Ligand code: HOZ
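In the numbering used here, the protein residues as written are 1 to 425.
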C-alpha cells in the first residue's frame, strides 16, 4: 500500500469523501488521490516521493509555478508583522490601487476570501443596485458553491452528475435563470419573459469549469448589448481567467467591459483570496458606503495581500510574460492536436491562452450539452496513463489544464511524449 492510499483510508473516516473539496477526489477517474507533500516550480511531490509535472496549479493560482521565491519572501515578511488584525491596513489600499490600475473596468474593489464569496457578494451588489432579483447564469458555468449559483453548475457538480445540489432550498434558486452558453437567443428569450426583472447576467467569459469552452465571436459583445439595453449589469466571473488570459484577464483579452468582475485564485498568489470590483456607483452599494451588507473577519488579510500583490507585480513587471506563457501553452496544445491527427482520433482540443481541455468526443464542444457528449471513461483511461507517466492532470473531464510559466519547453516536450505514447503506441 502506498502512503497516499494509507492516508486516504484515514481521511475517509474523518473527512467527507476524504477530501476538503470534491474536485480533489479521484473517484471519477477510478484512482486514489495523491497526497501532496511539497511543490516547487513546475513540479508536485507526493508523500511517496513521486514527482509530477503539474497541470492543475492548485486549480489556477500558481501561474508562476510553485514556491516562487519572491512570493514566499513577501509572505514571510508580512507574517513576521502579525497574521491578522481585523483592522484596516496599508496593504489593502495598495492591493486595491494595484487592481484598479491594471483592470480598467474596476474603479473600486472589495477583498474577500474566495471566489465563492466574491460571486455571492457581486450578485448581492447587483441586486441591491438594480432593485431587481433575477440573475441569468449559463449551464456549465461554475460560480462557486453559494446556494443561488448551484443550478446547472460546472466543475465538481458536473463531474458528479448532479446538476442541482441537495440542501439548496428552492426559494434560493427561484430567481436564478439558466441560459445556454454561446446562445444569445436563449438569453434574449429570458429577458423577454422577465422584462424589467433581471438584475444581472453572470458569465465565465471563457468557460473553464465544463472543460474549456470558448465564447463564439459576438457572444460576449451580445451579452454586453443585452445588459445595457435592459438596464441589467454584466458580471464577468474571472476567478479563473483573471490575470491569466492577459494581465487584465478575459475582459482585456476579448476587449469587453463588464460592470462587475469577480476574482480569485491568481489574485491570492496561492493564499485564500477573492475580490469583486467594478463600477464605482455599483460598488458604493457595499456597506458601510451603502446598504448592501457584506463583511469578513479575514478579508484583506495581510499575509494574503502580500502573496497576491507579489504575484501580480511579477506578472505586470516581467517583460513579455504572457507572450512566453502563451507560446509554451501553444507548444503543448498544438503538439497534442498534431498527435491526435496522426493517431486519427477526432477528439476536440479547446484552448485559449494557458487554459486547455481535451474532450473525448467527435462533436465540437461549445456549451454544456456538447461538453457532456465526452466519453468520461475514455478520459479516465487517459488520466491514469498520464499519472503513471508523471503528469498530474485535473482528475475530471470537466476541468481545465492550467499551464504555468515554470514549465520548461523540455517539460512540455516530456508531456507530449506521454501523450504520444498513449495515442500512438
Ligand atoms: N474552480 C475550481 C475547479 N473548477 C474549484 C476548485 C474546487 O472546487 O476545489
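Every residue, glycine too, gets a C-beta built ideally from N, C-alpha and C. Everything numeric in this text was worked out from a predicted model, so none of it was measured.
Identify which residue in the options has its Cα closest to the Cα of residue i.
{"i": "residue 275", "options": "110, 5 and 354", "result": "110"}
{"i": "residue 6", "options": "405, 28 and 48", "result": "48"}
{"i": "residue 304", "options": "383, 77, 233 and 423", "result": "77"}
{"i": "residue 426", "options": "213, 114, 129 and 90", "result": "Within the shown structure, residues of the chain are numbered from 1 to 425, placing residue 426 beyond reach of any answer."}
{"i": "residue 356", "options": "32, 85, 56 and 18", "result": "56"}
{"i": "residue 344", "options": "84, 336 and 219", "result": "336"}
{"i": "residue 269", "options": "332, 241, 243 and 307", "result": "307"}
{"i": "residue 238", "options": "406, 319, 422 and 103", "result": "103"}
{"i": "residue 428", "options": "332, 272 and 340", "result": "The question about residue 428 has no answer, for the chain in this structure spans 1 to 425."}
{"i": "residue 323", "options": "346, 215 and 403", "result": "403"}
{"i": "residue 29", "options": "134, 115, 146 and 160", "result": "160"}
{"i": "residue 134", "options": "165, 171, 116 and 163", "result": "171"}
{"i": "residue 124", "options": "199, 90 and 318", "result": "199"}
Inspect the beta-carbon positions of residue i and residue j and report whether they are closer than 8 Å.
{"i": "residue 436", "j": "residue 206", "result": "Given a span of 1 to 425 for the chain in the structure shown, any question on residue 436 remains unanswerable."}
{"i": "residue 23", "j": "residue 156", "result": "yes"}
{"i": "residue 226", "j": "residue 242", "result": "no"}
{"i": "residue 254", "j": "residue 215", "result": "yes"}
{"i": "residue 361", "j": "residue 376", "result": "no"}
{"i": "residue 408", "j": "residue 86", "result": "no"}
{"i": "residue 395", "j": "residue 9", "result": "no"}
{"i": "residue 197", "j": "residue 132", "result": "yes"}
{"i": "residue 300", "j": "residue 89", "result": "yes"}
For a test of the three-state rule: what should DSSP assign to residue i, helix, strand or coil?
{"i": "residue 181", "result": "coil"}
{"i": "residue 146", "result": "coil"}
{"i": "residue 293", "result": "coil"}
{"i": "residue 134", "result": "strand"}
{"i": "residue 350", "result": "strand"}
{"i": "residue 280", "result": "helix"}
{"i": "residue 100", "result": "helix"}
{"i": "residue 422", "result": "helix"}
{"i": "residue 383", "result": "helix"}
{"i": "residue 15", "result": "coil"}
{"i": "residue 371", "result": "helix"}
{"i": "residue 35", "result": "coil"}
{"i": "residue 426", "result": "The requested residue 426 does not occur in the structure, where the chain is confined to residues 1 to 425."}
{"i": "residue 68", "result": "coil"}
Our contact map puts residue i next to residue j with C-beta atoms below 8 Å; I'd like the distance itself, whole angstroms only.
{"i": "residue 53", "j": "residue 392", "result": "7 Å"}
{"i": "residue 40", "j": "residue 67", "result": "5 Å"}
{"i": "residue 120", "j": "residue 137", "result": "Residue 120 to residue 137, Cβ: 13 Å. No contact."}
{"i": "residue 257", "j": "residue 105", "result": "5 Å"}
{"i": "residue 129", "j": "residue 44", "result": "Not quite, the Cβ-Cβ distance comes to about 42 Å (not below 8 Å), so this is no contact."}
{"i": "residue 340", "j": "residue 423", "result": "6 Å"}
{"i": "residue 231", "j": "residue 365", "result": "Actually they are not in contact, since the Cβ atoms of residue 231 and residue 365 sit about 33 Å apart, beyond 8 Å."}
{"i": "residue 368", "j": "residue 81", "result": "That belief does not hold up - the Cβ atoms of residue 368 and residue 81 are roughly 46 Å apart, past 8 Å."}
Are the segment 163–175 and the segment 310–325 touching by the rule of at least three beta carbon pairs closer than 8 Å? no
Please determine if the segment 98–110 and the segment 257–264 are in contact, where contact requires at least 3 C-beta pairs separated by less than 8 Å. yes
Specify whether the segment 138–157 and the segment 92–99 touch according to this definition: at least 3 beta carbon pairs, one from each stretch, less than 8 Å apart. no
Is it the case that the segment 409–422 contacts the segment 382–396, given that we only count it when at least three CB pairs across the two stretches are under 8 Å? yes
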